[in-house]
Every structure is written in structure tokens, then in C-alpha cells.
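First residue of the first sequence: 14, per the numbering used here; consecutive thereafter. We treat Cβ as the ideally placed atom computed from N, Cα and C, and that holds for glycine.
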Amino acid sequence: MTIFDTAATVDIARTLLGATLRVGKTAGIIVETEAYLADDPASHSCNGRSRRNGSMFLSAGHAYVYRSYGVHWCFNVVTGPAGVGEAVLVRALKPVDGIATIAERRGIVWDGSDAFNIPAGGGAAMKALCSGPGKLCQALGITGDMDGSIIGPDSPVSITLPDRVTSDRAPAGILATERIGISKGKDRLYRFVPADGELRRWISRPK
DNA sequence: CCAGTGATTCTCT
DNA sequence: GAGAATCACTGGC
Numbered sequence: 014m015t016i017f018d019t020a021a022t023v024d025i026a027r028t029l030l031g032a033t034l035r036v037g038k039t040a041g042i043i044v045e046t047e048a049y050l051a052d053d054p055a056s057h058s059c060n061g062r063s064r065r066n067g068s069m070f071l072s073a074g075h076a077y078v079y080r081s082y083g084v085h086w087c088f089n090v091v092t093g094p095a096g097v098g099e100a101v102l103v104r105a106l107k108p109v110d111g112i113a114t115i116a117e118r119r120g121i122v123w124d125g126s127d128a129f130n131i132p133a134g135g136g137a138a139m140k141a142l143c144s145g146p147g148k149l150c151q152a153l154g155i156t157g158d159m160d161g162s163i164i165g166p167d168s169p170v171s172i173t174l175p176d177r178v179t180s181d182r183a184p185a186g187i188l189a190t191e192r193i194g195i196s197k198g199k200d201r202l203y204r205f206v207p208a209d210g211e212l213r214r215w216i217s218r219p220k
């Protein structure tokens, strides 16, 4: 039993801010999420199960990975019980581990310096590594192979939640905004980003 | 701002 | 089945 089973999808989207998403030797801190609900016109699940969205109806803690615009992969954490069809889209990361590998996958020149020595303020190139749902999948090597797989410490894809009490990683304030790139369901403020602080630097779009 | 991109889904025959 | 519409995006102006 994890938070993915017990909390509402919108709450999970908020809780995931500050969590570490790891795939192999690459990892980043989640700084931007969006919730997609069962009764939500913007959700892939709103018209029922199909070939593409099948894994969105798995039980909480599975990965839903789909191809967007025919070219990019997007990564979601399935929430709620099996058969419901709710998930949280991960939209941006602050890269923290395996940055040389990430830069290479993204086709961005990295000078080879210590991967943990992130330049103060993060340069434009750093920001471009994981500041979007398609970018972070390319950065971490997430592909359709991982669609329907279970997320966990013993799986290729893992998520470590921040310690709310002792960690300075979890953002103190969270801002809820309109979701990006949708045409329906714009009235729902289901996109979550840090309201301020260092993590906010890494989100895909200011507003 | 906007073009490229191609899989998936929708709407008819 | 075929043709059209629709995108939970990115990168380059």
C-alpha cells in the first residue's frame, strides 16, 4: 500500500512535487505535475478504455506511457483503483543524477564537469534538459516499453517521495494553474508547480 | 508565434 | 475500411 492507492489523484499530483523520479542511472526531482481524472474531458480515459490508454486503467502505481503528436513520449503515474482511469502526468524535472547521459540523450552539449555541480541558477542548456513531458522522457530514456510497468524500488522506474518533515526538497507553497496544451477542461486547475523557491526555476512554463 | 509530426480515434460508408 | 480530425509537444522563428 502506497500513497498512490490511498490518496485522491489531485492530492497525489501535489505530493509528487519534490519527489525523485529515477530510471537507471538518471534521475530528477519532479517540479511540475498535472492531474487527469475519470470524469475529466481533458483525460485520455474520458471516453473509456482503448488500445492506447489501456494501462491508464491499471491499478495505482503503474506507469502509463503514451506517444504524443506521433513523436514524443509522455509519462504518467496511474492513481486510484484498477478500472477507474486516473493518472498524474509528470511535466518537468530538475535533473540531479546522470546529467551527462541526460544531456547526450537530449542532444545538448554538456562540458563534462561534475554532474552534481549544477551551475548557480542553472544555465539555459541545463533548463532545456527536462522542462517538458516529452523532454524528460527522452532525458530519462522512458519509452513505450515501460507502458503498463509497475513503478517501485525494484523496478526500472522508481519514485521516491520527499520527507515532508525533514526535507528542504518538498516545496512549501504549491500553485495550481490551468493545464498546458489542452482544449477541454480548462476550468480545472489541475496543474501544480512550486509557488516559489529554487525548484520553480525548472518548470516548463512560468504560467 | 507556428510548422512539423504520425499514431490514434472518430465518423461516416 | 477509408478519410478526416485531433492531439496531455518541441524547437525554431
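*Bridge partners - Trp123, DSSP secondary structure assignment*: DSSP, once it has assigned bridges, lists no residue as partnering Trp123.
*Can you have a look at Asn89 and say buried or exposed, based on whether 16 or more other CB atoms are within 10 angstroms of its CB?*
buried
*Buried or exposed: where does Val44 fall if 16 or more other Cβ atoms within 10 Å of its Cβ makes it buried?*
buried
*In angstroms, rounded to a whole number, what distance separates the CA positions of Thr15 and Trp123?*
37 Å
*With burial defined as no fewer than 16 other Cβ atoms inside 10 Å of the residue's Cβ, what is the status of Asn66: buried or exposed?*
buried
*Run of the alpha helix (DSSP H) containing Lys148, from where it starts to where it stops*: Pro146 to Leu153
*In terms of residues, what are the limits of the beta strand (DSSP E) holding Ala105?*
Glu99 to Asp110
*asked:* At the level of alpha carbons, what is the spacing between Ala73 and Ala55?
replied: 20 Å
*CA nearest to the CA of Arg214, picked from Ala105, Phe17 and Ser68*: Ala105
*Determine the extent of the alpha helix (DSSP H) in which Ala138 is found, giving its start and end residues.*
Ala137 to Lys140
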